[in-house]
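Residue numbers (my numbering): 31 to 607.
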């Protein structure tokens with residue numbers, strides 16, 4: 031059933047009920063009859079509370095490593111999966127989260143998800159039979175947030191990071207800075223203040239130092255300030271808010287605003303992730319501070335499986351006030367109608383073989399996996415159903431999943447299940463593709479498949495791309511044409527003799543700068559994710575970011591590592607906007 035969330039028309043604090051998945055799961059497990067068959071007697075026996083308690087206390091790190099799941103230590107308390115880099119284990123709290131799948135829990139849930147234990151009972155028995163150490167779970171009460179971040183006198187570095195590395199409109203950045211909603215701290219981090227009822231209740235911290243060795247593929251530090259209010263985030267209002275726009279990060283929120291500067295009469299917010307309760311809390315905040323329940327909540331989460339699962343879960347909830355005014359959730363994914371040439375060719379081949387329109391097959395795959403190249407689950411099906419789904423790889427990268435066979439099977443189901451007017455019978459198709467699916471999930475997934483089929487069939491309903499933008503910041507940077515980047519470089523980075531340099535892409539993540547009048551003369555090498563990030567590195571460290579020994583070592587074969595940019599600034603380089 032859909033969850034109903036009522037916002038009371040009063041000044042008292044409002045609670046968003048029924049959205050804490052961890053508590054819900056625990057309550058369900060505690061209340062369920064924990065019995066199974068005794069193989070000797072044929073009778074069912076009950077698990078003891080001590081067995082359940084012990085299973086919950088066993089070290090997740092030990093359990094994972096004993097099962098052959100490679101982990102790398104991110105910090106003293108956090109571990110990350112090597113093969114599943116979105117799998118994070120908090121060793122202190124003994125909890126895990128698989129961000130890409132929007133799954134998480136404790137040791138028992140870990141066993142049912144990763145160790146093929148069929149249900150609660152089997153998982154508890156399995157864990158008790160193993161030789162694992164117990165972990166001391168720390169559950170100290172959370173302290174109240176206090177604004178401990180020291181504001182720097184300058185905002186230059188943070189502004190450069192937003193406007194150059196991230197492609198955010200400088201005028202919008204300056205507006206937020208002048209309002210005190212963003213600033214630079216004493217460590218040169220970019221700080222996004224969380225405001226609630228005029229009071230600071232937390233902050234998002236975005237590093238401005240780019241170092242892939244230290245910070246991994248993201249390249250920068252990104253975290254939430256200590257003791258920030260749970261399930262909340264950065265937010266600001268434009269005009270008199272009627273609608274709410276939510277995004278996964280402050281950078282994405284500003285990126286969307288950059289592309290849509292005409293926005294007005296709305297609240298723009300970041301929920302720092304994909305938690306349903308964070309979105310609900312933002313709606314509550316808008317009502318309590320602005321006196322207006324959002325007429326629409328536009329969900330601008332990432333165009334990836336986790337982002338789509340957030341929207342699908344929100345579709346299962348009803349947000350209303352006591353006057354029965356109901357909020358509508360609307361999708362706002364970047365490039366949600368985009369398909370790559372490679373994906374098109376695979377879909378077209380199997381659709382042609384089955385004798386159907388390839389767009390019908392694309393709709394089924396999009397609804398289930400978001401067209402992910404590894405056929406990762408993008409619709410919130412229970413794990414038992416997802417593992418038997420035709421189009422979902424139950425363990426991406428770990429199984430011998432045959433995508434061609436899966437696509438052809440799906441295409442044949444679509445061919446065999448048609449309505450009287452020869453349209454796909456999505457209800458029947460969804461049932462065939464997902465054996466054992468519950469009625470509610472079937473109706474939802476069938477409606478989603480039908481939605482994408484209708485969208486793809488429309489004129490200009492498909493956007494052909496070489497790479498699909500995952501989030502709104504990628505899209506904002508793509509909107510900056512190469513000519514614009516050249517103008518930015520020419521405007522921003524000049525030598526004292528008036529010569530300018532041109533940015534050349536040497537390959538993926540590798541860039542060099544050459545003198546415009548002497549194209550064969552390289553004046554700098556950089557490793558960066560995109561031209562914008564490269565331009566930012568040049569602005570911070572200059573053209574010649576390495577010393578003479580390193581310059582001889584790198585020559586024109588190796589890019590400069592970001593951490594090496596700190597060695598020296600370029601002599602005689604004027605750096606002014």
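Backbone N, C-alpha and C define an ideal beta-carbon position, used for all residues, glycine too.
Residue i classed as buried or exposed, judged by whether at least 16 other C-beta atoms fall within 10 angstroms
i: residue 40; result: Bear in mind that the predicted position of residue 40 carries a pLDDT of just 34, short of 50, making it too unreliable to give a figure here.
i: residue 410; result: buried
i: residue 400; result: buried
i: residue 403; result: exposed
i: residue 173; result: exposed
i: residue 380; result: buried
i: residue 548; result: exposed
i: residue 261; result: buried
i: residue 454; result: buried
i: residue 302; result: buried
i: residue 426; result: buried
i: residue 308; result: buried
i: residue 460; result: buried
i: residue 557; result: buried
i: residue 288; result: buried
i: residue 210; result: exposed
Contact belief for residue i with residue j at Cβ below 8 Å, rounded distance in angstroms
i: residue 299; j: residue 264; result: 7 Å
i: residue 563; j: residue 188; result: That belief does not hold up - the Cβ atoms of residue 563 and residue 188 are roughly 15 Å apart, past 8 Å.
i: residue 398; j: residue 419; result: 7 Å
i: residue 369; j: residue 356; result: Their Cβ separation, rounded to whole angstroms, is 33 Å, which puts residue 369 and residue 356 out of contact at 8 Å.
i: residue 215; j: residue 181; result: 6 Å
i: residue 414; j: residue 424; result: That belief does not hold up - the Cβ atoms of residue 414 and residue 424 are roughly 10 Å apart, past 8 Å.
i: residue 87; j: residue 165; result: 6 Å
i: residue 144; j: residue 99; result: 7 Å
i: residue 185; j: residue 280; result: Wrong, their Cβ atoms sit about 15 Å apart, outside the cutoff.
i: residue 101; j: residue 82; result: Going by Cβ atoms, the distance from residue 101 to residue 82 rounds to 25 Å, so no, they are not a contact pair.
i: residue 142; j: residue 134; result: At roughly 12 Å, the Cβ-Cβ gap does not stay under 8 Å, so residue 142 and residue 134 are not in contact.
Whether residue i touches residue j by CB criterion (8 Å)
i: residue 282; j: residue 249; result: no
i: residue 335; j: residue 408; result: yes
i: residue 421; j: residue 394; result: yes
i: residue 240; j: residue 219; result: no
i: residue 257; j: residue 175; result: yes
i: residue 85; j: residue 121; result: no
i: residue 482; j: residue 360; result: no
i: residue 333; j: residue 499; result: yes
i: residue 475; j: residue 437; result: no
i: residue 277; j: residue 206; result: no
i: residue 140; j: residue 77; result: no
i: residue 251; j: residue 224; result: no
i: residue 337; j: residue 304; result: yes
i: residue 480; j: residue 456; result: yes
Cα-Cα separation, residue i to residue j
i: residue 358; j: residue 285; result: 23 Å
i: residue 452; j: residue 197; result: 47 Å
i: residue 493; j: residue 231; result: 41 Å
i: residue 495; j: residue 191; result: 27 Å
i: residue 486; j: residue 478; result: 12 Å
i: residue 560; j: residue 371; result: 22 Å
i: residue 544; j: residue 568; result: 13 Å
i: residue 571; j: residue 200; result: 21 Å
i: residue 292; j: residue 343; result: 29 Å
i: residue 290; j: residue 506; result: 10 Å
i: residue 340; j: residue 471; result: 15 Å
i: residue 255; j: residue 490; result: 44 Å
i: residue 385; j: residue 443; result: 11 Å
i: residue 462; j: residue 313; result: 38 Å
i: residue 46; j: residue 318; result: Any reading at residue 46 must be qualified, since the residue scores a pLDDT of 31, below 50, and its modelled position is unreliable; no value is offered.
i: residue 310; j: residue 412; result: 23 Å
i: residue 316; j: residue 104; result: 36 Å
i: residue 163; j: residue 238; result: 40 Å
i: residue 328; j: residue 504; result: 19 Å
i: residue 178; j: residue 565; result: 32 Å
Test: residue i CB closer than 8 Å to a CB of chain D
i: residue 164; result: Here there is only one protein chain, and chain D is not present.
The ligand SAM heavy atom lying under 7 Å from the CB of residue i
i: residue 480; result: The ligand SAM is absent from the structure shown, which contains no ligands of any kind.
### Message
Would you call the stretch 106-124 in contact with the stretch 153-162, where contact means no fewer than 3 C-beta pairs closer than 8 Å?
### Response
no
### Query
Does the stretch 364-373 come close enough to the stretch 424-434 to have 3 or more Cβ pairs within less than 8 Å?
no
### Task
Could you tell me whether the stretch 318-327 touches the stretch 268-280, using the rule of 3 or more Cβ pairs below 8 Å?
yes
### Message
Count Cβ pairs between the stretch 118-126 and the stretch 81-96 that sit closer than 8 Å; are there 3 or more?
### Response
Verdict: yes, contact present.
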